[in-house]
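Just remember that this note's numbering sits 205 ahead of the position in the sequence shown, which is counted from 1.
From the three backbone atoms N, C-alpha and C, an ideal C-beta is built for every residue, glycine too.
Below is one structure, written out as structure tokens; the observations come after it.
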Amino acid sequence: MPPIAVACSSKNHLQTATSISPLQVPVRKMEDVHGRSGLAFPMTLVVMQGLILVIWTMYGSYAPDAEGTAPSPSSSSYTATTLYQSWLGVHIMMLFGFGNLMTFMHRHGYSASGYTFLVTCLGLQWCVIMYAFWHGLIGEGKLRGPTLDMTMLFQGDFGVAAVLISFGALIGKISPTQLMVLCFLEIIVYAASEAFVSEVLRAEDVGGSMVIHTFGSP
Numbered sequence: 206m207p208p209i210a211v212a213c214s215s216k217n218h219l220q221t222a223t224s225i226s227p228l229q230v231p232v233r234k235m236e237d238v239h240g241r242s243g244l245a246f247p248m249t250l251v252v253m254q255g256l257i258l259v260i261w262t263m264y265g266s267y268a269p270d271a272e273g274t275a276p277s278p279s280s281s282s283y284t285a286t287t288l289y290q291s292w293l294g295v296h297i298m299m300l301f302g303f304g305n306l307m308t309f310m311h312r313h314g315y316s317a318s319g320y321t322f323l324v325t326c327l328g329l330q331w332c333v334i335m336y337a338f339w340h341g342l343i344g345e346g347k348l349r350g351p352t353l354d355m356t357m358l359f360q361g362d363f364g365v366a367a368v369l370i371s372f373g374a375l376i377g378k379i380s381p382t383q384l385m386v387l388c389f390l391e392i393i394v395y396a397a398s399e400a401f402v403s404e405v406l407r408a409e410d411v412g413g414s415m416v417i418h419t420f421g422s423p
């Protein structure tokens, strides 16, 4: 090819490349890593949230302190008022601490924050149910429904922390649908592990170094 033709061809390619704005990159429909339809994620989320609502409606209850039926002053040394400030710090760490921790990633900054909110909201509800289930089965030998109070909100956030630790290693590698399945299944195993450590081994895991951090890390 003559030198003049090569120069013209290179110039045309350069003009074409520079004329494309970064904002003109085509946006793909939401699909998971296997190319399936984007309906898998919302359907999975609806089914999981529906299951949680059914269990809470049929078997859930409030603790006396949370329901307002406890005698005044409460016999418990830790009331909902005194525990609320401590729980608020833990819960904010779940929502903003873990989410902002991964926003430095160029491709996953927004998803790190958004999926952290989603996992926290869904996982806390599910973990309270699983905590009551496994502690009743392993510790008391019977099934019992979830009881909502400030202590159980702490336990729910601890289960969420285990999932978010795993999410930190898997962000960008799994789809939103797979993340919801991970949250659902990991909390089941986490709650069983936590109940076994506390009810059978009688181990004091201060700070959750065993049942939360070591369990959550892949």
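For Phe372, the uninterrupted alpha helix (DSSP H) segment begins and ends at Met355 to Leu375. Between the beta-carbon of Leu306 and that of Gln254 there is about 26 Å, and that puts the pair past the 8 Å contact cut. When secondary structure is reduced to three states using DSSP, Ser380 falls in the coil class, being assigned neither helix nor strand.
With a 10 Å radius around the Cβ and a threshold of 16 neighbouring Cβ atoms, Pro381 comes out buried. Thr419 sits in a helix when the DSSP states are folded into three classes.
Within the same chain, Ile370, Ser371 and Ala374 come within 8 Å of Ser422 by CB-CB distance, once the 5 residues on both sides are set aside. In chain order, Thr382 place their CB closer than 6 Å to the CB of Ala245, counting only its own chain and leaving out the 5 sequence neighbours on each side. Counting along the chain, Ser291 sits inside the alpha helix (DSSP H) bounded by residues Ala285 to Ile297. Only residues of its own chain outside the window of five on either side were considered, and among them Glu404 have a CB closer than 6 Å to the CB of Gly344, listed in chain order.
Of all alpha-carbon atoms in Leu390, Trp339, Val333 and Ser318, the one lying nearest the alpha-carbon of Asp362 is that of Val333.
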